[in-house]
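Asks:
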Amino acid sequence: MNAFWGFAGRMLRDRVRITLALLCALVSASGLGAGLLAVYPILETIFEGSREGLPERAEAYNAGEPFVAVPQWVIERLPEGPFNAVVAIMVALGALALIGGTTNFLHAYLSLSVVYKAVTDIRRHLFSRVLRMPLGLAVSRGTSDAISRIVNDTTQLASGMTALLSRAVAQTLKGVAAFAAALILDWKLSIAAIFAGVVIAVVIRKLSTKIRRYTRRALERQADLYGAASEALQGLRVVKVHTNERHESARFHTINKAVMRHLLRARTARALMSPLNEVIALFSLGLLTILAARLIIIDNALDPSKMLLTLGALFIAAASLKPLTGIVNEIQTAAAAAERIKQLLDTEPEPGHDAGLPRLGRHTESVRFEGVGFTYPGAATPALRGVDLEVAHGTTVAVVGPNGSGKTTLLSLVPRLFDPTEGRVLVDGTDIATVGVRSLRRQIGVVTQETVLFGATIRENIAYGMSGATAEQISAAARQARAAEFIEALPEGYETVVGERGSTLSGGQRQRIAIARAILRDPAILILDEATSMIDADSEARIGEALAEFSAGRTCLVVAHRLSTVKNADSIVVMDGGEVVDRGRHAELLERCEVYRLIANHQLVAAK
């Protein structure tokens, strides 16, 4: 619950609206209490034949030396006679009802605005924290878990905070006001009613713990459910080709049953709460009725009108407080979500974003790996072992090796997507772990094997991360990447929306847009991870020329499956089992390196 109360405390930052909301709730509740007390003279007049008017009642009230007396000028203006008293009281009750309804609405509106402002801020911080999370941690947790916490858990949190501020406050104040009226009317009956409240509180506490525990488990399994659905739908082509629909359906069904099992347990505890409390309340009401009957019939210590009104006030108090059981359920559900949200917010961001870190100057000398080792979180074996490698500025180095040899991992260390677990990476003699990561990444262009495009226009995708790029610069980058021809042939040209993950474009078109994006950055270091593996035969040669032209004067690290790319590199680094096993030119490696000879003969693809 501490996490929930911590997030709820964020609502207090909007002090003006919180204060106004509480004042509105207080006015509404006070109107209810005053209305209950105002009904007593009406009952006394109608059922007991009292002939007193309002002035006489006010004088009798003042005679008791109350804390706040009715001013004499008010007494002089009160209507006389019992009938006029009833009319005046009913008019006052109507006014109280109007004021109560208005303030009730204002309280609900102000409460909702405070809650959603706080939750919007929490969601923003959550998303920012995910973007700054170390990539290894993000990969190990999975995107579905993060999305579930950002979207689903914050929605649950908003429901709990709304229940707390909008309904719990209003219902509690109304219950307190009605109970206060009952105390004023007859304190003995009212004190006896507290017994029921204590028993109900114990029941709520016991069941609340179970609700929170089962809800937390359900939310965790719900994240797994999102992951299973997302994987199957994103890989729907593979699922269909391999006729694996039955397996994916069974996997989804298994997780779905687990979610439903935990939700059912939580809902069962919630369902028990209301009937148990009703039984306790009815039992208590029966005892109160017996006590009231004794006071009237045997002891002659209570008049019937006051007894009926006291029981009515206690009933209204109970009715006002009854929704609190459902509200407690919602808060417990929100508390489980809050724990998951806090866990994500407490994640340490990736290093390198401290404002005090020095900037890395424009790369002009070399990129060097010194004794670099790396193990993925949770992995049993390292992905890299003792890598020592230096790449001079302006040269192109092709990194080749069998699948799983560590090629992509090695290149991922340069922009600090991961930090080495051993050794260090230096750019121009500076350890990149000691400089601001933004200044490092701003001078690196990356084209990965898995092309990532966003559901925006082609122009926005090319200029991603370069908000100041002009239309001329964007079109020039597209021309250099040999993408301008197909872009300008589209009806909307550069304003064409590419769809989710670039689904409206072919693989080769997506790849060329990614290359144009890298070109636009004007990077000092260019990383191409199998960048030409999805380019069609017609444009392969032209794109190769464009990349060769663009890489001149830049440090270029390439992981390629194409023989032409490897042959054109200044040097070739051969990796196997996470280690650099050889380095040289194509011809010499063919002669002396068995690993490279196997790769060249069986893995590298000749030009189409």
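All residue numbers for the sequence shown refer to our numbering, where the first residue is 1085 and numbers rise by one.
For glycine and all other residues, C-beta sits at the position ideal for the given N, C-alpha and C.
For Gln1306, which residues from the same chain have a beta carbon less than 7 Å from its beta carbon, with the 5 sequence-adjacent residues on both sides left out?
Replies: Here the set comprises Ser1232, Asn1236, Val1343.
Asks: Rounded to the nearest angstrom, what separates Gly1445 and Ser1523 at their Cα positions?
Replies: Each residue's Cα considered, the two are about 8 Å apart.
Asks: When burial is assigned at 16 or more other CB atoms within 10 Å of the CB, is Ala1561 buried or exposed?
Replies: Ala1561 should be labelled buried.
Asks: Suppose you measure from the CA of Leu1210 to the CA of Gly1539; what does that come to, to the nearest Å?
Replies: When rounded, the distance between both Cα atoms is 22 Å.
Asks: So what does DSSP say about Gly1549, is it helix, strand or coil?
Replies: Reduced to three states, the DSSP call for Gly1549 is coil.
Asks: So, helix, strand or coil for Arg1300, using DSSP?
Replies: DSSP places Arg1300 in helix when its eight states are reduced to three.
Asks: Which runs of the beta strand (DSSP E) spanning at least 3 residues fall entirely within the stretch 1587-1617, listed in chain order?
Replies: Taking only runs of at least 3 residues, the beta strand (DSSP E) segments lying wholly in the stretch 1587-1617 are 1609-1613.
Asks: Hey, out of Ser1333, Ser1496, Ser1635, Asn1487, whose CA is closest to Ala1565's CA?
Replies: Taking only the C-alpha atoms, the option nearest Ala1565 is Ser1635.
Asks: Report the residue from Thr1532, Gly1244, Pro1504, Leu1398 whose alpha carbon sits nearest the alpha carbon of Glu1414.
Replies: Taking only the C-alpha atoms, the option nearest Glu1414 is Gly1244.
Asks: Kindly indicate which three-state DSSP category Met1217 falls into: helix, strand or coil?
Replies: Looking at Met1217 - three-state DSSP - the assignment turns out to be coil, as it is neither helix nor strand.
Asks: Tell me which residues share the same chain as Leu1673 and place their Cβ nearer than 7 Å to its Cβ, disregarding the 5 neighbours each side in the sequence.
Replies: The residues are Ile1656, Val1658, Asp1666, Tyr1680.
Asks: So, with DSSP's three-state summary, where would you put Ser1450?
Replies: Of the three classes helix, strand and coil, the one that applies to Ser1450 here is strand, per DSSP.
Asks: Are Ala1397 and Leu1180 close, meaning C-beta to C-beta below 7 Å?
Replies: No, they are not a contact pair.
Asks: Exposed or buried, Glu1678, counting other C-beta atoms within 10 Å across all chains shown (16 or more means buried)?
Replies: Result: exposed.
Asks: Roughly how many whole angstroms lie between the Cα atoms of Asp1430 and Gly1549?
Replies: For Asp1430 and Gly1549, the distance between alpha carbons rounds to 27 Å.
Asks: Using the Cα positions of Ser1450 and Arg1543, report the straight-line distance between them to the nearest angstrom.
Replies: Going from the Cα of Ser1450 to the Cα of Arg1543 covers about 33 Å.
Asks: Quick check: the stretch 1523-1533 against the stretch 1569-1588, are at least 3 beta-carbon pairs closer than 8 Å?
Replies: Touching, no.
Asks: By how many angstroms is the C-alpha of Gln1593 removed from the C-alpha of Gly1226?
Replies: Distance between the alpha carbons of Gly1226 and Gln1593 is about 28 Å.
Asks: Ile1516: buried (16+ other C-beta within 10 angstroms of its C-beta) or exposed?
Replies: Looking at its Cβ environment, which holds 16 or more other Cβ atoms inside 10 Å, Ile1516 is buried.
Asks: Please report the distance separating the alpha-carbon of Val1203 from that of Ala1247.
Replies: Taking the straight line from one Cα to the other gives about 14 Å.
Asks: From the DSSP output, read off the bridge partner residues of Leu1641.
Replies: Partner(s): Val1481, Ile1611.
Asks: Rounded to a whole number of angstroms, what is the C-alpha to C-alpha distance between Leu1241 and Phe1088?
Replies: Taking the straight line from one Cα to the other gives about 8 Å.
Asks: For Ala1266, which residues of its own chain have a beta-carbon under 6 Å away from its beta-carbon, when the five flanking residues on both sides are left out?
Replies: The residues are Ser1274, Thr1394, Ala1397, Leu1398.
Asks: Using a Cβ-Cβ cutoff of less than 8 Å, which residues in the same chain neighbour Pro1433 once the five nearest sequence positions on both sides are dropped?
Replies: Arg1213, Arg1216, Met1217, Pro1218.
Asks: Are the beta-carbon atoms of Val1456 and Gly1507 separated by less than 7 Å?
Replies: It is a contact, given that the beta carbons lie within the stated cut-off.
Asks: Buried or exposed for Thr1338, going by 16 or more other Cβ atoms inside 10 Å?
Replies: Looking at its Cβ environment, which holds fewer than 16 other Cβ atoms inside 10 Å, Thr1338 is exposed.
Asks: Once the 5 residues before and after Thr1238 are set aside, which same chain residues still bring their CB inside 8 Å of it?
Replies: Excluding sequence neighbours, Thr1238 sits near Val1203, Ile1206, Arg1207, Leu1210, Ala1421, Ile1425.
Asks: My output table needs one value for Phe1091: the three-state DSSP class, helix, strand or coil.
Replies: Phe1091: helix per DSSP, three-state reduction.
Asks: Going by C-alpha distance, which of Lys1406, Arg1297, Thr1465, Ala1684 is nearest Ala1482?
Replies: Of the candidates Lys1406, Arg1297, Thr1465, Ala1684, the one whose C-alpha sits nearest the C-alpha of Ala1482 is Ala1684.
Asks: Give the C-beta separation of Gly1311 and Leu1405 to the nearest angstrom, bearing in mind that I take them to be a contact with Cβ-Cβ under 8 Å.
Replies: Between Leu1405 and Gly1311 the Cβ distance is about 41 Å, and since that is not below 8 Å, they are no contact.
Asks: Here's the rule: buried if 16 or more other CB atoms are within 10 angstroms of the residue's CB, otherwise exposed. What is Gly1346?
Replies: The sequence shown places His at residue 1346, rather than the Gly named in the question. Buried is the call here.
Asks: DSSP state of Phe1336, grouped into three classes?
Replies: In this structure, Phe1336 counts as helix in the three-state DSSP scheme.
Asks: Are the Cβ atoms of Ala1567 and Arg1601 separated by less than 7 Å?
Replies: It is not a contact, given that the beta carbons lie outside the stated cut-off.
Asks: Among the residues of its own chain, which have a CB less than 6 Å from the CB of Phe1263, if the five just before and after it don't count?
Replies: Taken in chain order, the residues that qualify are Ala1401.
Asks: By the three-class DSSP mapping on this structure, what secondary structure does Val1175 have?
Replies: Three-state result, Val1175: helix.
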